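*Asks:* Starting off with a structure, shown below.
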Amino acid sequence: MEGSEDLDSSLLTQPWASVCFGESTFIAKACFRETGYVLLISDLSSVWYERADRDVIGKRSKELNKRLTAHVSSFLNCLSNLMCPLLEGRESDANSFSCQQTASKLTIRVKSELSGLPFYWDFHCPAAISRHLVRPLIRMSLALQYQLQELASLLVQKDVEIEDYRESGAALSRGTEGCSTHGETRAGESRDHGPAPAGDRELWARRLHSMLK
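Just so you know, we're using this note's numbering here: the sequence shown kicks off at -16 and counts up by one.
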């Protein structure tokens, strides 16, 4: 069974979708599993997030649906059937969504049916930004920076190899000479800025990875 970290990891791979809750428009993504659900919502100004496990779902369902005695898995399946079509752009007139926003929390209220009885649900989403926006952007930036450092190192290595060919008296083709000129320029820039040694880069990457867990 998936744990909370697995749910979060699955959510990171889900695409954003445009949704309307009442008269308000948001972008959102969600992931539903047997262990619970995670929901991420943004209006491009603020971000809200909720992760609920089976215990939370069971307790909240009893508070909001006193006439329903369904198993937690039934509530989870119902919530998935409500949200997933909405995220795919398929709305249903049988379901009602509304939202209430405060300075620190966004509440999405849902009204539907389960087993022929009214079904109510509230998604309680406190403000959240670090894990699902800042950290992925930092990781992407670090990956691009690492690739640039690797390319700079390769250009320096190529420049040295071309210089060795010249010193050995080998004739270079026009295409190789063109690459050499480009390589010298880029390699010179790399030398000026001094790409970090491989050992330093690996240590730096490990430290940042541990900070971003």
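By construction, the Cβ of each residue, glycine as well, lies at the ideal position given by its N, Cα and C atoms.
These figures come from a predicted structure and were not determined experimentally.
Is G72 helix, strand or coil when you go by DSSP?
*Replies:* coil
*Asks:* Please list the terminal residues of the continuous beta strand (DSSP E) segment that includes S44.
*Replies:* Per DSSP, S44 belongs to no beta strand (DSSP E); it is in the alpha helix (DSSP H), R37 to L47.
*Asks:* Indicate the three-state DSSP secondary structure (helix, strand or coil) for I10 in the structure shown.
*Replies:* strand
*Asks:* Let me confirm a value: S25 is counted as buried when at least 16 other C-beta atoms fall within 10 Å, else exposed. Which label applies?
*Replies:* Of the residues assessed, S25 falls on the buried side of the cut-off, its CB having 16 or more other CB atoms within 10 angstroms.
*Asks:* Tell me which residue opens and which closes the beta strand (DSSP E) that G198 is part of.
*Replies:* Within the shown structure, residues of the chain are numbered from -16 to 196, placing residue 198 beyond reach of any answer.
*Asks:* Just how far apart, CA to CA, sit W104 and S95?
*Replies:* 9 Å
*Asks:* For my contact list, K12 and W31 are in at a C-beta cut-off of 8 Å; report their separation, rounded to the angstrom.
*Replies:* That pair is no contact at about 12 Å.
*Asks:* With respect to the beta strand (DSSP E) encompassing I112, which residues constitute its N-terminal and C-terminal limits?
*Replies:* That residue, I112, is in no beta strand (DSSP E); it is neither H nor E in DSSP.
*Asks:* What is the DSSP secondary structure of A86, reduced to helix, strand or coil?
*Replies:* A86: coil per DSSP, three-state reduction.
*Asks:* Would you say F4 and F80 are within 8 Å of each other, going by their C-beta atoms?
*Replies:* Yes; because the gap between Cβ atoms is below 8 Å, this pair is in contact.
*Asks:* In the DSSP assignment, what are the bridge partners of G152?
*Replies:* Listed as beta-bridge partners of G152 by DSSP are no residues whatsoever.
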